[in-house]
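Enquirer: Residue numbers -30 to -1, 1 to 404, in mature numbering (1 follows the signal peptide of the UniProt record, and there is no 0), belong to the letters of the sequence shown in order. Virtual Cβ for every residue (Gly too), placed ideally from N, Cα, C.
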Amino acid sequence: MTRTAYITVSKGRACAVAMGALLTAMQLTAQDSRPTLTLDSCQAWAAEHHPTAKRYAIAAENGDASASNAAKGRLPQLTLAGQASIQSATTHVPFTLPGFEPPEVAKDQYRVYAEAVQPLTGLLTVRDNVRLAHANAATERSRIDVEMHALKVRVNALFFGILMLDEQARMAELMTEDLRAGIARADTAAAHGVMLRSAADALRAELIVAEQRLTEVRATRENYVSSLGLLVGRELEGDVALSRPTAWRTEPSGEIRRPELRLFEAQKASIDAHRRLLHDINLPHISLFVQGGYGRPALNMLDDHFKPYAVGGLRMSWNIAGLYTLRKQKRQLELNARAIDVQHEAFLLETKLTLNQHASEMEKLRRLIASDAEVIRLRERVKESARNQLQFGTATANDYILHVNAENRARLGLAQHELQLLWEAYNYQMTLGE
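#1: Thinking Asn378 and Leu144 are a contact (beta carbons under 8 Å), I'd like their distance in whole angstroms, please.
#2: Can Leu389 and Glu225 be called in contact, C-beta distance under 8 Å?
#3: Which of the three DSSP states is assigned to Arg82 in this structure?
#4: Which two residues bound the contiguous alpha helix (DSSP H) that contains Gln237?
#5: Leaving out the 5 sequence neighbours to the left and right, which residues in its chain are closer than 6 Å to Leu338 when beta-carbon positions are compared?
#6: Taking only three categories from DSSP, how would you classify Gln57?
#7: Considering just the uninterrupted stretch of the beta strand (DSSP E) at Val75, what are its terminal residues?
#8: When you compare the CB positions of Leu177 and Leu206, do they come within less than 8 Å of one another, or not?
#9: Leaving out five residues before and five after Thr60 in sequence, what residues of the same chain have Cβ atoms less than 6 Å from its Cβ?
#10: Apply the 10 Å Cβ neighbour rule to Met271 and answer buried if 16 or more other Cβ atoms are within range, or exposed otherwise.
#11: Can you tell which of Ala395, Met400, Asn397 and Val345 has the C-alpha that lies nearest to the C-alpha of Gly383?
#12: Among residues of its own chain, excluding the 5 on either side of Leu335, which ones have a beta-carbon nearer than 7 Å to its beta-carbon?
#13: If you follow the alpha helix (DSSP H) that Gly383 is part of, which residue opens it and which one closes it?
#14: Please list, in chain order, all residues of the same chain as Thr295 whose beta carbon is under 8 Å from its beta carbon, the five residues on each side excluded.
#15: Assuming contact is defined by CB atoms lying nearer than 8 Å, are Pro21 and Asp115 in contact in what I supplied?
#16: State the DSSP-derived secondary structure class of Ile226, mapped to helix, strand or coil.
#17: Spatial neighbours of Arg111 within its chain, please: C-beta separation below 6 Å, excluding the five flanking residues on both sides.
#18: For Glu350, collect the residues of the same chain with a Cβ closer than 7 Å to its Cβ; drop the 5 residues on either side in sequence, then sort them by chain order.
#19: Among the candidates Asn39, Arg381 and Tyr80, whose CA atom is the shortest distance from the CA of residue 409?
#20: Would you check if there are 3 or more beta carbon pairs closer than 8 Å linking the segment 88 to 99 to the segment 35 to 53?
#21: What residue ranges within the segment 171 to 201 form continuous alpha helix (DSSP H) runs of no fewer than 4 residues, ordered along the chain?
#22: Excluding the 5 residues flanking Phe130 on each side, which residues of the same chain have their C-beta closer than 6 Å to its C-beta?
#23: Under the three-state reduction of DSSP, which class applies to Leu212: helix, strand or coil?
#24: Leaving out five residues before and five after Asp274 in sequence, what residues of the same chain have Cβ atoms less than 8 Å from its Cβ?
#25: Out of curiosity, what's the CA-to-CA distance linking Met400 and Ala175?
#26: Kindly indicate which residue of Tyr370, Ala385, Gly282 and Asn397 has the alpha-carbon position closest to the one of Glu147.
#27: Which residues in the same chain have their Cβ closer than 6 Å to the Cβ of residue 405, if we skip the five residues on either side of it in sequence?
#28: Met332 by DSSP, collapsed to three states: which one?
#29: Tell me the rounded alpha-carbon separation between Ala84 and Gly292.
#30: Rounded to whole angstroms, how far is the Cβ of Ser11 from the Cβ of Leu102, which I believe are closer than 8 Å?
#31: Keeping to the same chain, check which residues put their C-beta closer than 6 Å to that of His119; ignore five residues upstream and five downstream.
#32: Of the residues Ser58, Thr49 and Val100, which one's Cα is nearest the Cα of Asn39?
#33: Near Gln13, what residues of its chain come up, given a Cβ to Cβ distance below 7 Å and the 5 sequence neighbours on each side ignored?
#34: Which residues in the same chain have their Cβ closer than 8 Å to the Cβ of Leu269, if we skip the five residues on either side of it in sequence?
Okay, here's the thing in structure tokens:
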């Protein structure tokens, strides 16, 4: 085969490669025309759909019910009671007087009565129970906030993971194009006897490996999309298009505002409320009471007839059994508070370590992005040189395609590093809790 025929075959294969690239571009254009999925919409859907979000209403209702029940302790305590008894002895007058016969009181006695008690010092306990109910409700809300923050992190990881897989798929597609161009060049060279057929077979084996890698990337993407769909409560197609988020809208303040910190504060508030309750519940109980009833005998123990009666006054009682364990209970609360402080310190330390890792990773990516620009500039120069060589016949179309793909890989590398930097920026902000 003459050189003219060699160039003709090369150009024919180049046209086939170019047509493939054109079809790929048309497919990408069709994909871009579909509705795209944004990170903000995924976060909003996840917050609305995930079962954890439903616990906010449950926690609020439960907290209100607990506080309302505790507040009922301010109301008078009403008691209805009755009693029937037989006694071994009754009240009697131990002497007699002329003309006076002391009454005899029956040994069977009956009484029904109603009593209303208004606590006085018990109002302190009621106040403490209400505060404890509100503190426990705040703790539960903070615990849900922590879980919802973890949900946001998961959504971010899946969303950016899909975007990264898209970049990897583009890189894999470029590699397959390069290998196909290399195979075409090797086949032509083997036909001219200037290259062994095994060289083309080696490229074909590499092409199969590259296509397997592309298959793995696409399968992983479908898995990520399926997981994201479950989190956001939407049916998502495996090839759904995602919109790359813009840079973070505000500069990080550097202040850690994670919901875990609010959880620690709420837990400490619950311990303080419990401590106040523990103190007030062991005070003497003073209350007002009024009792009215009907019985035999009534208040006059010598009157053996059914009669109504009423009595009221001030009552004091003190159950000192609680003092036996008061000291130990206070010690337990102090230990619980210290444990929360230790958890707080450990959390801040781990968070700062994570922030340092994200900051270091962002600095590394900024340097890579700066060097990517130089790589792209050099690849452009090589491509332009290959274009000139192609015009003068000193290079084949396949050679030129390889250089074009090399430039595209450099640009994709830049896009991938920019995406990684954006992901790290979001991770940094999420770690801060902003």
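Expert: Looking at the coordinates:
#1: 6 Å
#2: no
#3: The question names Arg, but residue 82 is Val in the sequence shown. Strand.
#4: Pro229 to Asp250
#5: His387
#6: coil
#7: If you look at Val75, you'll find it isn't in any beta strand (DSSP E); DSSP assigns it neither H nor E.
#8: no
#9: Val75 and Lys77
#10: exposed
#11: Val345
#12: His387, Gln390, Leu391 and Glu394
#13: Ala367 to Leu402
#14: none
#15: Result no, Cβ atoms of Pro21 and Asp115 do not sit closer than 8 Å.
#16: DSSP places Ile226 in coil when its eight states are reduced to three.
#17: Ala29
#18: The beta carbon of Glu350 lies closer than 7 Å to those of Glu377 in the same chain, with the five residues before and after it left out.
#19: In this structure the chain extends from -30 to 404, so residue 409 is not present and cannot be described.
#20: yes
#21: Here no run is fully enclosed.
#22: Once the five neighbours on either side are set aside, the close Cβ partners of Phe130 are Trp393.
#23: strand
#24: Pro73, Glu74, Val75, Ala76, Arg266 and Pro267
#25: 44 Å
#26: Tyr370
#27: Missing from the structure shown is residue 405; the chain here goes from -30 to 404 and no further.
#28: helix
#29: 29 Å
#30: Not quite, the Cβ-Cβ distance comes to about 40 Å (not below 8 Å), so this is no contact.
#31: Annotation for His119: Pro229 place their beta carbon closer than 6 Å to its own, counting only its chain and skipping 5 residues before and after.
#32: Val100
#33: If the five residues before and after Gln13 are omitted, its C-beta is found closer than 7 Å to the C-beta atoms of Lys122 and Val125, all from its own chain and listed in chain order.
#34: Closer than 8 Å at Cβ, skipping near neighbours: Tyr279 and Val281.
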